[in-house]
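Report on one structure; see the data block that follows.
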Amino acid sequence: MFLCSVSRSIKFYVKLGFYYIAIFTVTLVAVPFSSCQPGDPGNLLYASWMVHHIISRIFGLKWEVKNEELLKSKEPCVLVCNHQSALDISGMMYIWPLFHPCVPVLKKELLFTGPFGIFCWLAGCIFVDRFNSERARDTLNMKVKELKEQKIKLWIFPEGTRNDSGTLLPFKKGAFHIATQAKIPIVPIVFSQYTDFYSIGKKIFDRGTITVTVLPWIKTEHLTSEDVPSLTEKVRSLMMSSLKQSAEGILETKSNGSVNTKVQSQ
């Protein structure tokens, strides 16, 4: 039992290590191409193609998108998504061409992660101090007017950190302040839980299918800063409901599969 546990842990960390190496390799390859147009969000399309066609296939990650037509508008908006693990990068890059151009908001620590940080900077990503909400908001406010004029979208993880608990952490309000001040819509995006095939606690990293659910746009033209708390909770509630529905769908699929297997064996 102990040896099996050790073997599973080694397999997990080796595969996870290769995943990180693959991501860093993709960004390293993309850096020379991106250097021709530094700061251009279009540079993310280089990484998007490589992550989707190479990394997701190598690691057996299949992405299914619900309501993808909601992503195809050319209007600026704030995309908010739940944040579970490093696998989110693959999901982001899979759907990225649907709503390009878009700029992710990342924690400033990622700027110093070698080729990954360099590539993100070349792609115009916005780096913020997640431990100083006022400074982070100031950084974003400086960019919002420019992005709105150029009709560039923002991608933000409102939880502020990774969370694989199966629920959602309280949302930080930065994304919602930006949306109300700029009078641009919010588009909630929900990645279904990875726990069936990826779990740090259980030390598993297998092939898996992830459902990406795009929820209806939430308009903010009529909202002010006073509405931000209620708006934040409304969006979180909608995303939490979608996350639960995805989990129930996975359980139902597994249950049906188990029943079919029993019937066939009989």
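To convert, count from 1 in the sequence shown and add 1260; that's our numbering. Yeah, the Cβ is synthetic: ideal placement off N, Cα and C, and Gly gets one too.
Once the 5 residues before and after residue i are set aside, which same chain residues still bring their CB inside 8 Å of it?
| i | result |
| --- | --- |
| residue 1495 | 1340, 1418, 1431, 1436, 1446, 1448, 1478 |
| residue 1423 | 1342, 1343, 1344, 1429 |
| residue 1525 | In this predicted model, residue 1525 has a pLDDT of only 46, less than 50, meaning its place in the structure is not dependable enough to derive any value. |
With H, G and I counted as helix, E and B as strand and the rest as coil, what does DSSP make of residue i?
| i | result |
| --- | --- |
| residue 1298 | coil |
| residue 1378 | helix |
| residue 1473 | strand |
| residue 1448 | strand |
| residue 1367 | strand |
| residue 1525 | Since pLDDT at residue 1525 reaches only 46, below the 50 mark, its modelled position is unreliable, and the value read off the structure follows with that caveat. DSSP places residue 1525 in helix when its eight states are reduced to three. |
| residue 1277 | helix |
| residue 1283 | helix |
| residue 1478 | strand |
| residue 1386 | strand |
| residue 1391 | coil |
| residue 1484 | coil |
| residue 1465 | strand |
So, for residue i: in the same chain, excluding its five sequence neighbours on each side, which residues have a beta-carbon less than 6 Å away from its beta-carbon?
| i | result |
| --- | --- |
| residue 1320 | 1467 |
| residue 1415 | 1339, 1362, 1364 |
Throw me the rounded Cβ distance for the residue i and residue j pair, which I believe falls under 8 Å.
| i | j | result |
| --- | --- | --- |
| residue 1291 | residue 1361 | Not really, about 19 Å apart at Cβ, beyond 8 Å. |
| residue 1328 | residue 1450 | Actually they are not in contact, since the Cβ atoms of residue 1328 and residue 1450 sit about 13 Å apart, beyond 8 Å. |
| residue 1400 | residue 1438 | 6 Å |
| residue 1396 | residue 1426 | No, residue 1396 and residue 1426 are not in contact; Cβ-Cβ is about 27 Å, not under 8 Å. |
Near residue i, which residues of its chain fall below 7 Å by C-beta distance, leaving aside the five closest residues on each side in sequence?
| i | result |
| --- | --- |
| residue 1443 | 1480, 1481 |
| residue 1519 | Low local confidence applies: a pLDDT of 45 at residue 1519 is under 50, so the model's placement there is unreliable, with the coordinate-based value given in what follows. Closer than 7 Å at the Cβ level, and outside the excluded window around residue 1519, lies no residue. |
*Check whether the stretch 1456-1474 touches the stretch 1341-1357, taking contact to mean three or more Cβ pairs, one atom from each stretch, closer than 8 Å.*
yes
*Taking 8 Å as the threshold, find out whether the stretch 1449-1464 comes into contact with the stretch 1485-1492 through three or more Cβ pairs.*
no
*What are the complete beta strand (DSSP E) segments, minimum 3 residues, inside the stretch 1403-1443?*
1413-1416
*Continuous alpha helix (DSSP H) assignments of at least 4 residues falling wholly in the stretch 1297-1372*: 1304-1310, 1348-1359
_Whether or not the stretch 1391-1408 and the stretch 1307-1327 are in contact is what I'm after, with contact meaning three or more pairs of Cβ atoms, one per stretch, closer than 8 Å; do they touch?_
no
*Taking 8 Å as the threshold, find out whether the stretch 1303-1311 comes into contact with the stretch 1278-1293 through three or more Cβ pairs.*
yes
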